[in-house]
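Here my numbering runs 520 ahead of the position in the sequence shown, where the first position is 1.
Heads up, the beta-carbon is just placed ideally off N, CA and C, and yes, glycines get one too.
Computed from a prediction, not measured in an experiment: that's the story for all the values here.
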Amino acid sequence: LASKLPPLLRFALRSALTDLRFGWQSRQASGDIVVVAIDAPSIEKIGIWPWPRRLHAELLRRLESADVTDVVFDVDFSTPSDAASDQAFVEALKAAGGSVVLPAFKQPATDAGNATAVHINRPVNQFGDHSWTAVVNVAIERDGLVRRYPFGDTFDGEFHPSMGAVLAGQYAAKNPPFLIDFSVRTASIPVVSYVDVLRGDDTALNRLKGKKVIIGGTALELGDRFSVPNGGVVSGPILQTLAAESILQNRTLRWTSDVMALAGVCIIALIMMFSWRRLSAGVRVIVLVGMAAATEAIAILVQTKLPLVFDTSLLLTAIAVYMAAIALDEIDFRDLLGRIAENRFQRIAMSLGDGLVCTDSNHRITVWNPGAVAIFGHQPAEMIGRPLDSICAASVKGAPGSISTFEAARARSQQPGGVVMEFDGLRSNGEVFPVEACFSGWQGTDGFQYGAIL
């Protein structure tokens, strides 16, 4: 059953467990990558948006003076702007010796006839001729979160590395996508304000010396935001930096094989088969809870020490299924259904206009409904537990034959439709009156029972 989980349910469970482990772990960023943030203070102080590209040109000169090792822009350069500003940026790119990286990305094309068509946004030629290109696309999972990150993508038959891989300096076309290690705390990633670098602030420039730099928007109004596990929302440059940190710290996480999970499920099945009738339900539950705790503890340890994510979704589902089976095994369903039917019968009996009296197998009254109260004048508390014969005047007065009449009726009560008879009843005030009764019998939860509609 666990191995046949619907893909969406398994994805949700597996992702939730992995995300929780990220929340329980904490890693520091290496500090080798610094984000130069186009933040709200920078936009406010410069006073216009979008910025002329001569500002980026000036920023490049400031970064060169700070001896940064790599410069990556997470800013769209796919369309021309003011010619003078664009030329200033070209000159800055030339001065940097072609070491600057600019972004490229795929987006849905506007071709109405082809829903799957994509358009590739690249830097305009005058920028692309003097820079490198890196891919900034990331995949959004079915739950709207970003978890996976590619080493690159192929545009028109040519492989382009991703921005995070460029920042880490480790990329190859054959490397498959990996899970970003979100245990790296975003607060530990160094961030300096764009405007501080632009005006040559010594503190900001000193923080950049010998570092790799990614420049991009972090201000909310720029909209470059991504939802990540555990309720986090990060900007594009921060996400690219987290991916680069995962590569730098050898934390390119990958799921373990399903074979391991299925082997674990088989072990759990064998343990349960061996212990099912040998151990009490409580002991089996304790064993299963211990196995679940141990499994998750091992998964956390593996994820902490190795770039592996141990998929425990199948194992934990199997454990939950076995615990449910233990609970169901402990429930006497026949007794439960019988008691449900008994309760329904009681409600029906209490609503009947006719008198209804029921007895147990020893012929002692168990049901005395309001109709019986109206006929005989006795309250239920007076009659429950008394012999059925006590409603018969002849029996109370010791007249011969009354008992044998009732016994004959009981003996014939199991016939289809029961048996109808008449006898003299006795009211609570001593009045004797004729009664017509239909006797029947049935197998109840507490043994054979009899009833009479009066």
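Looking at residue j and residue i, is the spacing between their C-beta atoms short of 8 Å?
i, j, result
"Leu834", "Leu782", "yes"
"Thr589", "Gly730", "yes"
"Ala739", "Ile563", "yes"
"Gly736", "Ile558", "yes"
"Val686", "Val754", "no"
"Asp594", "Pro710", "no"
"Leu975", "Leu718", "No answer is possible for residue 975: the residues shown for the chain start at 521 and end at 974."
"Leu808", "Tyr842", "yes"
"Pro890", "Met903", "no"
With DSSP run on the structure shown, which of helix, strand or coil describes residue i?
i, result
"Ala536", "helix"
"Tyr691", "coil"
"Arg867", "helix"
"Glu678", "strand"
"His576", "helix"
"Val656", "coil"
"Phe968", "strand"
"Gln963", "strand"
"Ile846", "helix"
"Asn641", "strand"
"Gly921", "At Gly921, the pLDDT of 46 sits below 50, so the modelled position is not reliable and the matter cannot be decided from this model."
"Ser747", "strand"
"Phe830", "coil"
"Thr837", "helix"
"Ser523", "For Ser523, the predicted structure reports a pLDDT of 49, less than 50, and the residue's modelled location is therefore unreliable. A value from the coordinates is still provided. Correct three-state label for Ser523: helix."
"Arg530", "helix"
"Ser605", "helix"
"Ala763", "helix"
"Leu718", "helix"
"Gly551", "coil"
From the options, pick the residue whose C-alpha is nearest to that of residue i; which is it?
i, options, result
"Ala801", "Arg771, Ala763, Tyr691, Ile851", "Ile851"
"Asn645", "Phe597, Gly617, Val666", "Phe597"
"Leu773", "Ile818, Val940, Phe702", "Phe702"
"Gly873", "Ile885, Gly810, Asn882, Ala892", "Ala892"
"Phe625", "Pro670, Met793, Met870", "Pro670"
"Asp721", "Ile568, Val556, Ser881, Phe698", "Val556"
"Pro954", "Lys825, Glu942, Ala861, Val620", "Glu942"
"Arg771", "Ile868, Glu862, Gly617, Val822", "Val822"
"Gly689", "Gly905, Gln769, Ser871, Asp716", "Gln769"
"Pro907", "Pro890, Asn889, Asn882, His898", "Asn882"
"Pro572", "Asp676, Phe609, Leu583, Gly875", "Phe609"
"Ala812", "Val785, Thr776, Arg798, Pro827", "Val785"
"Val829", "Pro527, Ala536, Phe679", "Ala536"
"Glu584", "Gln607, Lys565, Gly618, Gly567", "Gly618"
"Val704", "Thr879, Thr723, Val715, Asn750", "Asn750"
"Asp827", "Ile767, Met870, Glu816, Arg798", "One point to set straight first is that residue 827 is Pro, not Asp, in the sequence displayed. Closest option to Pro827, Cα to Cα, is Ile767."
"Leu759", "Leu528, Arg667, Glu661", "Arg667"
"Asp849", "Met870, Arg797, Asn863", "Arg797"
"Trp652", "Arg859, Trp962, Pro681", "Pro681"
"Glu678", "Phe698, Ile700, Val655", "Val655"
"Ser777", "Pro643, Ala586, Thr832", "Thr832"
"Leu974", "Gly905, Phe896, Phe968, Met903", "Phe896"
Nearest-angstrom Cα distance between residue i and residue j?
i, j, result
"Phe865", "Ala914", "30 Å"
"Ile911", "Asn949", "12 Å"
"Val733", "Leu665", "25 Å"
"Tyr970", "Pro900", "17 Å"
"Asp539", "Gln627", "28 Å"
"Asp486", "Gly752", "Since the first residue of the chain shown is 521 and the last is 974, residue 486 is not available in this structure."
"Val779", "Phe542", "24 Å"
"Ala549", "Glu765", "7 Å"
"Ile868", "Ala861", "11 Å"
"Trp888", "Leu876", "6 Å"
"Ala919", "Asp909", "For Ala919, the predicted model reports a pLDDT of 49, less than 50, meaning its position is unreliable; a value from the coordinates is still stated below. Cα-Cα distance, rounded: 12 Å."
"Ser795", "Pro697", "43 Å"
"Phe746", "Phe531", "20 Å"
"Asp676", "Leu622", "18 Å"
"Gly810", "Gln963", "44 Å"
"Glu578", "Pro643", "19 Å"
"Asn863", "Cys878", "14 Å"
"Val620", "Phe647", "10 Å"
"Arg547", "Arg859", "58 Å"
Does any CB atom of chain D fall closer than 8 Å to the CB of residue i?
i, result
"Met780", "Annotation note: the requested chain D is absent from the structure, which comprises a single protein chain."
Tell me, to the nearest whole angstrom, how far the beta carbon of residue i is from that of residue j; I am working on the premise that it is less than 8 Å.
i, j, result
"Ala498", "Gly672", "A question about residue 498 goes unanswered here, because the residues of the chain that appear run from 521 up to 974."
"Leu613", "His639", "Contact doesn't hold; Cβ gap of about 24 Å is too wide."
"Trp569", "Ile820", "Going by Cβ atoms, the distance from Trp569 to Ile820 rounds to 44 Å, so no, they are not a contact pair."
"Ile806", "Ala838", "Going by Cβ atoms, the distance from Ile806 to Ala838 rounds to 17 Å, so no, they are not a contact pair."
"Gly938", "Ser960", "3 Å"
"Glu956", "Val940", "7 Å"
"Val748", "Leu728", "Contact doesn't hold; Cβ gap of about 26 Å is too wide."
"Val715", "Pro561", "6 Å"
"Arg582", "Leu725", "7 Å"
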